[in-house]
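Single-structure report; data block below.
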Amino acid sequence: MRRSTTISIASKANKFLNLCLLQKGNPVIVPFISRFWGRTFSTKRSSMNLEEEIDLFCKMIQSRPLPSIVDFSKVLSKIAKSKNYDLVISLFHHMEVCGIGHDLYSYNIVINCLCRCSRFVIALSVVGKMMKFGYEPDVVTVSSLINGFCQGNRVFDAIDLVSKMEEMGFRPDVVIYNTIIDGSCKIGLVNDAVELFDRMERDGVRADAVTYNSLVAGLCCSGRWSDAARLMRDMVMRDIVPNVITFTAVIDVFVKEGKFSEAMKLYEEMTRRCVDPDVFTYNSLINGLCMHGRVDEAKQMLDLMVTKGCLPDVVTYNTLINGFCKSKRVDEGTKLFREMAQRGLVGDTITYNTIIQGYFQAGRPDAAQEIFSRMDSRPNIRTYSILLYGLCMNWRVEKALVLFENMQKSEIELDITTYNIVIHGMCKIGNVEDAWDLFRSLSCKGLKPDVVSYTTMISGFCRKRQWDKSDLLYRKMQEDGLLPL
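Under our numbering, think of the first position of the sequence shown as 5, with each following residue one higher.
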């Protein structure tokens, strides 16, 4: 609706302007022109909508003498801020047709709009035109082009442009370097971003928080965690305060590398520098504590984030519930599940899967099945695999087989893991022949046995002392290029 309205307004503007061109012999005479337009811009501009801006532009085109280019640029700038870039380009063209000369400011406005529309060839031609008229590109011109190239994933064009501008005596500033470094990182060109970082340092352009934040995030995303941590330390040594995203990215890196003490030191540094941790920061730390079995401290971290006004999300609770369940403290995990609901958070499939698995591992299959029956979110294949495996491990194989039969009749797409669980369950209760029938049916179902399938079946034959079958299956496994576990 909004787009169609904008197109309608733009169409109206074009028609009106064309009409103005035809009526050039009957211009509107406005006495005391500078005072009139000055009063118009000072009193009305803040409350004018897009259509009123266009009407104002049309009146300016008709008036005689014409308003200054400064006044026209104010209108173009206001329309550009409303993101109607095509309309600005159209109005800019009408000004040229009407013989209105542009200045550096108006050229920069239209160049920026052209770049926002990814019309880079035309943007560069406008740069060439303005230089013909004696206007040298300034930092705004170059920044618009660089930003446009980077947003269009044309980072190499941006770098090439900077090199050409340097040949003409232009010296890129930290904003331009930051734009290219950020653009490079976003499309995975982290090595190029690091080279640019080194280059700006050599050229005497001091990196700021934006530079470091982009580069640290890029290094983390590309798995270069040690480089990210080194750069973070360098940043802190230079007394440049990282933002919450950078702190969190490196904290998460330390957690994943098992360097939890380093992560906690960085968290303390973060709070010391008055950078408020967000939910992602706390989630990383809680995950680290749970990974090290320190679930009570993880729960304390949850309480701390709440007291600091940072509300936990589903990920926070899922991480904690998983930590308690793995520590065989499933009742406390369930208590967290209830607390989660009290906070208005709805458990997802991961939440339910974690609790169901926790009860099975604790040897409480009835409680696991009760949670499954009360499951609000849609079960996935992982849920059913947990149920099958849990029932089999708790000697409820018959129930597992009933569930498996229902799964086969449903639209659930079963994978090799599901079949392996059932084959294992059948072999566990000595029902090797049925397990063998299921194993042989895998190819008909479009599935290929993996090393777990073979190992489970061979083990089943060995328990029944069916050595010939186990030997033949072992050879078949080798022929399939699989190594025994």
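Note that the Cβ used here is the ideal one computed from N, Cα and C, for glycine as well. None of these values were measured; they are calculated from a predicted model.
Straight-line gap, residue i to residue j (C-alpha atoms, nearest Å)
i: Arg444; j: Leu405; result: 17 Å
i: Tyr116; j: Met309; result: The sequence shown places Asn at residue 116, not Tyr. Answer to the nearest angstrom: the Cα atoms are 43 Å apart.
i: Leu487; j: Tyr423; result: 20 Å
i: Glu301; j: Arg203; result: 44 Å
i: Lys403; j: Asp256; result: 42 Å
i: Leu477; j: Ile433; result: 20 Å
i: Asn185; j: Phe153; result: Note that residue 185 is Ile in the sequence shown here, rather than Asn. The alpha-carbon atoms of Ile185 and Phe153 are separated by roughly 12 Å.
i: Val497; j: Asp212; result: No answer is possible for residue 497: the residues shown for the chain start at 5 and end at 489.
i: Thr396; j: Ile425; result: Correcting the residue identity first, residue 396 is Cys in this sequence and not Thr. Each residue's Cα considered, the two are about 8 Å apart.
i: Phe264; j: Gly292; result: 6 Å
i: Gly362; j: Lys480; result: 37 Å
i: Gly394; j: Asp282; result: 37 Å
i: Val350; j: Met169; result: 55 Å
i: Asn398; j: Thr421; result: 18 Å
i: Gly464; j: Asp438; result: 11 Å
i: Glu273; j: Leu289; result: 14 Å
i: Ser147; j: Arg120; result: 12 Å
i: Thr320; j: Lys452; result: 37 Å
i: Asn322; j: Glu171; result: 56 Å
i: Glu483; j: Cys431; result: 24 Å
i: Ile13; j: Cys102; result: Because Ile13 sits at a pLDDT of 43, beneath the cut-off of 50, its placement in the model cannot be relied upon, and the following sentence gives the value as read from the coordinates. So the alpha carbons of these two residues sit roughly 20 Å apart.
i: Val436; j: Gln412; result: 20 Å
i: Ser381; j: Gly313; result: 28 Å
i: Pro383; j: Thr250; result: 36 Å
i: Thr459; j: Gly485; result: 14 Å
i: Lys473; j: Ile462; result: 8 Å
i: Asp335; j: Cys448; result: 43 Å
i: Asp59; j: Ala197; result: 46 Å
i: Pro392; j: Cys466; result: According to the sequence as given, residue 392 is Leu; it is not Pro. When rounded, the distance between both Cα atoms is 23 Å.
i: Leu315; j: Asn157; result: 36 Å
i: Ser414; j: Ile427; result: 19 Å
i: Gly348; j: Val318; result: 10 Å
i: His296; j: Asn287; result: 14 Å
i: Ser72; j: Arg210; result: 39 Å
Cβ shell of residue i (< 7 Å), same chain only, five flanking positions each side left out
i: Glu343; result: none
i: Ile325; result: Gly337, Leu340, Phe341, Thr355, Thr358, Ile359
i: Asp131; result: For the sequence presented, residue 131 should be read as Val rather than Asp. So the qualifying residues of the chain are Ile115, Pro141, Thr145.
i: Asp231; result: Leu223
i: Trp471; result: none
i: Ser86; result: Leu54
Counted within 10 angstroms of its Cβ, other Cβ atoms place residue i as buried (16 or more) or exposed
i: Lys78; result: buried
i: Ile457; result: Contrary to the premise, residue 457 reads as Ser rather than Ile in this sequence. That one is buried.
i: Cys329; result: buried
i: Gln373; result: buried
i: Phe160; result: exposed
i: Met241; result: exposed
i: Thr311; result: exposed
i: Ser8; result: Caution is warranted here: a pLDDT of 48 is assigned to Ser8, below 50, making its placement in the model unreliable, and the coordinate value is therefore given only provisionally. Answer is exposed; the Cβ neighbour count stays below 16.
i: His106; result: buried
i: Asp75; result: buried
i: Gly173; result: exposed
i: Pro246; result: buried
i: Gly429; result: buried
i: Ala2; result: Because residue 2 is not part of the residues shown, which for the chain are 5 to 489, the question remains open.
i: Asn151; result: buried
i: Thr275; result: exposed
i: Asn182; result: buried
i: Pro69; result: exposed
Own chain residues within Cβ distance below 6 Å of residue i, not counting five before or after
i: Lys82; result: Glu57
i: Val299; result: Gly327, Phe328, Ser331
i: Gln304; result: none
C-beta atoms of residue i and residue j nearer than 8 Å
i: Phe61; j: Leu95; result: yes
i: Ile390; j: Phe364; result: yes
i: Ala267; j: Val259; result: yes
i: Val178; j: Cys224; result: no
i: Leu149; j: Ala127; result: yes
i: Val214; j: Leu235; result: no
i: Tyr216; j: Met239; result: yes
i: His98; j: Ile65; result: yes
i: Gly187; j: Ala162; result: yes
i: Ser218; j: Cys189; result: yes
i: Glu261; j: Trp229; result: yes
i: Ser110; j: Leu80; result: yes
i: Pro369; j: Arg333; result: no
Cβ neighbours of residue i in the same chain (closer than 8 Å, five flanking residues each side left out)
i: Glu417; result: Ile385
i: Thr10; result: Its pLDDT being 45, under 50, Thr10 is placed unreliably in this model, and the coordinates cannot settle the point.
i: Met135; result: Pro141
i: Thr387; result: Thr353, Tyr356, Asn357, Ile360, Phe376, Met379
beta-carbon residue i near the ligand GDP non-hydrogen atom, thresh 7 Å
i: Gly262; result: Looking at this structure, you won't find the ligand GDP or any other ligand, since it has none at all.
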